[in-house]
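Protein chains: 2
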Amino acid sequence: MMGFMSSADHDTPGQGPCPSGGAPLRVDAERNRERIIAAARTTFAAEGIDVPMSAVARAAGVGIATLFRRFPTREDLLDAVFADTMHTYADAAEKALADRDPWNGFTGYIRTVCSMQATNRGFADILTMTFPAATHLEELRARAYHDFLELIDRAKATGRLRPDFTDQDMVILLMANAGVIAATAHAAPESSPRLVAYMIQAFTAPQPETLPPPPDPDALAHAMLGLSCDRSP
Amino acid sequence: MMGFMSSADHDTPGQGPCPSGGAPLRVDAERNRERIIAAARTTFAAEGIDVPMSAVARAAGVGIATLFRRFPTREDLLDAVFADTMHTYADAAEKALADRDPWNGFTGYIRTVCSMQATNRGFADILTMTFPAATHLEELRARAYHDFLELIDRAKATGRLRPDFTDQDMVILLMANAGVIAATAHAAPESSPRLVAYMIQAFTAPQPETLPPPPDPDALAHAMLGLSCDRSP
DNA sequence: CCACAACCGGAAGGCTTTTTCCACTTGCGG
DNA sequence: CCGCAAGTGGAAAAAGCCTTCCGGTTGTGG
Chain A
9 MMGFMSSADH DTPGQGPCPS GGAPLRVDAE RNRERIIAAA RTTFAAEGID
59 VPMSAVARAA GVGIATLFRR FPTREDLLDA VFADTMHTYA DAAEKALADR
109 DPWNGFTGYI RTVCSMQATN RGFADILTMT FPAATHLEEL RARAYHDFLE
159 LIDRAKATGR LRPDFTDQDM VILLMANAGV IAATAHAAPE SSPRLVAYMI
209 QAFTAPQPET LPPPPDPDAL AHAMLGLSCD RSP
Chain B
9 MMGFMSSADH DTPGQGPCPS GGAPLRVDAE RNRERIIAAA RTTFAAEGID
59 VPMSAVARAA GVGIATLFRR FPTREDLLDA VFADTMHTYA DAAEKALADR
109 DPWNGFTGYI RTVCSMQATN RGFADILTMT FPAATHLEEL RARAYHDFLE
159 LIDRAKATGR LRPDFTDQDM VILLMANAGV IAATAHAAPE SSPRLVAYMI
209 QAFTAPQPET LPPPPDPDAL AHAMLGLSCD RSP
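As structure tokens, this is what we get:
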């Protein structure tokens with residue numbers, strides 16, 4: 009079919025005149041294409057990904073036919089519109105891995121992603137469903153997922169993340185957060201951060217590390233015997 | 009407990025076999041009304057409250073006109089269909105208040121309600137939106153809410169519920185849970201309980217009560233002074 | 001048993017959104 | 001500057017849902 013040439017130029021903006029393979033678009037067509045993407049970005053962010061295609065076309069100032077010619081299905085449009093947001097999403101996981109403190113990286117990542125959901129309703133939708141046809145999107149999602157697994161391992165190693173935490177728990181949080189965002193829409197914007205704070209708290213292992221480290225058992229035994237350190241055999 | 013149908017011969021005056029006021033229905037009409045409610049109950053539970061009215065009519069084995077004649081708006085149907093579920097919901101708060109252990113009552117209530125959401129998608133929808141025209145529903149919701157406030161107070165008094173917990177946090181949980189349920193649909197039914205368990209954990213105050221109660225401060229002062237109990241002035 | 005009001009089911013009208021089609025316009029290579 | 005394929009906008013068809021309307025049916029009181 010198509011899509012194999014999606015390899016194109018994976019760098020975000022400033023793409024060549026060709027959208028994703030095939031013949032280059034005429035300049036006016038390319039201009040319209042950008043307008044559509046820009047309009048869709050705004051509209052999806054504000055209303056979610058279920059807005060009528062006609063609304064996107066109107067916002068872009070083009071005819072419906074133009075939109076459908078360029079993006080035959082909604083998924084095609086989503087793939088183009090959320091390319092850079094998904095890139096940010098994947099980068100967030102990478103940046104989190106670069107954090108010195110794995111726990112800090114882990115919680116920061118969660119907060120970042122959930123906040124991205126809260127400020128972009130369309131993105132919240134994207135993160136809680138799959139679009140097999142949106143190959144670019146799914147590839148970035150896979151990358152973020154892979155990095156997140158590593159993030160989990162490191163966070164667990166610090167002992168701050170509870171050992172029974174699962175990558176699926178992040179999925180649950182994303183779906184829960186999406187539910188809160190969808191229900192509160194524009195009102196009560198503090199709901200989502202509150203949910204996230206609660207969940208991060210729940211993800212935290214019972215804090216053993218707030219206590220100073222226990223004394224050496226041997227030293228303790230000696231102390232109980234009233235022996236001085238240097239007197240031990 | 010209460011009657012299954014909205015016969016409601018005890019709480020709403022003057023109902024009898026008639027839907028809500030007006031003249032009594034003819035027996036065949038009443039039979040169809042019950043069929044519609046039964047079909048809607050099943051359909052809403054499985055698919056949510058946004059299913060086409062025609063689907064409900066088909067499931068009930070009646071014409072669309074019959075449905076609309078009896079329930080002119082969707083809210084009218086919701087009011088009738090979820091009357092008993094809402095009653096169970098309100099009763100759950102009351103039962104929770106009757107629990108000897110307020111914390112147990114509190115957590116049990118949360119688990120019950122969230123599990124009701126999970127097993128009934130329509131009810132999950134109902135709990136996260138308002139239907140001004142569905143007076144019966146809203147009245148029951150208000151009752152449950154009132155009892156829940158009392159439940160919060162008592163749970164806080166035990167020290168097990170964190171002091172900064174708010175009734176709004178329950179709303180957030182309901183919306184979050186609805187999001188998880190909507191996204192997991194029929195698959196992954198263990199997601200919702202997992203979310204709930206995490207949240208209850210987060211609602212728990214830093215466990216001070218696992219320690220034995222502190223000694224009387226006065227007694228402690230005396231002890232530090234090396235005074236015996238009976239020697240105090 | 002009869003008359004009639006209540007009731008019934010499905011067709012039809014109206015609205016929204018998706019998808020296709022077509023006559024007209026325009027960038028661009030020659 | 002010209003020809004034409006690529007491109008465009010809007011109309012129209014298709015599909016789904018809500019709501020109303022209407023000719024025919026049926027329970028029920030007299």
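First to last, the sequence lines map onto chains A and B.
Counting in my numbering, the first sequence runs from 9 upward without gaps.
Counting in my numbering, the second sequence runs from 9 upward without gaps.
Beta carbons: idealized from backbone N, C-alpha and C, even for Gly.
Here the structure is a predicted model, which is why all the values come from computation and not from measurement.
Beta-carbon proximity of residue i to residue j, cut-off 8 Å
i                      : j                      : result
residue 116 of chain A : residue 105 of chain A : no
residue 134 of chain A : residue 90 of chain A  : yes
residue 203 of chain A : residue 191 of chain A : no
residue 46 of chain A  : residue 130 of chain A : no
residue 174 of chain B : residue 110 of chain B : no
residue 148 of chain A : residue 95 of chain A  : yes
residue 200 of chain B : residue 126 of chain B : yes
residue 57 of chain B  : residue 78 of chain B  : no
residue 212 of chain B : residue 168 of chain B : yes
residue 2 of chain A   : residue 31 of chain A  : Chain A is shown only over 9 to 241; residue 2 of chain A falls outside these bounds and no answer can be derived.
residue 64 of chain B  : residue 40 of chain B  : no
residue 207 of chain A : residue 193 of chain B : no
residue 177 of chain A : residue 102 of chain A : no
residue 83 of chain A  : residue 139 of chain A : yes
residue 121 of chain A : residue 98 of chain A  : no
residue 50 of chain B  : residue 37 of chain B  : no
residue 188 of chain B : residue 180 of chain A : yes
residue 186 of chain A : residue 132 of chain A : yes
Contact with chain A by residue i, beta-carbon distance below 8 Å
i                      : result
residue 209 of chain B : yes
residue 86 of chain B  : no
residue 72 of chain B  : no
residue 135 of chain B : no
residue 243 of chain B : Any property of residue 243 of chain B remains undetermined from this structure, which presents chain B solely from 9 to 241.
residue 117 of chain B : no
residue 203 of chain B : yes
residue 190 of chain B : yes
residue 178 of chain B : no
CB contact check: residue i to chain B, cutoff 8 Å
i                      : result
residue 39 of chain A  : no
residue 138 of chain A : no
residue 187 of chain A : yes
residue 217 of chain A : With a pLDDT of 49 at residue 217 of chain A, under the threshold of 50, the modelled position of this residue cannot be trusted, and the question is left open.
residue 199 of chain A : yes
residue 97 of chain A  : no
residue 184 of chain A : yes
Residue range of the unbroken alpha helix (DSSP H) whose run includes residue i
i                      : result
residue 61 of chain A  : 61 to 68
residue 37 of chain A  : 35 to 55
residue 74 of chain A  : 72 to 78
residue 132 of chain A : 129 to 135
Closer than 7 Å: residue i CB and nearest the ligand SAM heavy atom
i                     : result
residue 43 of chain A : Absent from the structure shown: the ligand SAM. Ligands present: none.
Exercise. Give, in chain order, every residue of the stretch 142 to 172 of chain A whose Cβ lies closer than 7 Å to some Cβ of chain B.
Key: none
Practice problem: Identify every run of the alpha helix (DSSP H) within the stretch 145 to 205 of chain B, keeping only runs that are complete inside it and at least 4 residues long; order them along the chain. | Solution: 175 to 192
Exercise. Could you name the residues of the stretch 49 to 67 of chain B whose beta carbon sits closer than 7 Å to any beta carbon of chain A, in the order they occur along the chain?
Key: none
Practice problem: Kindly provide the ranges of any alpha helix (DSSP H) runs that are 4 or more residues long and lie completely inside the stretch 90 to 120 of chain A, ordered along the chain. | Solution: 91 to 106
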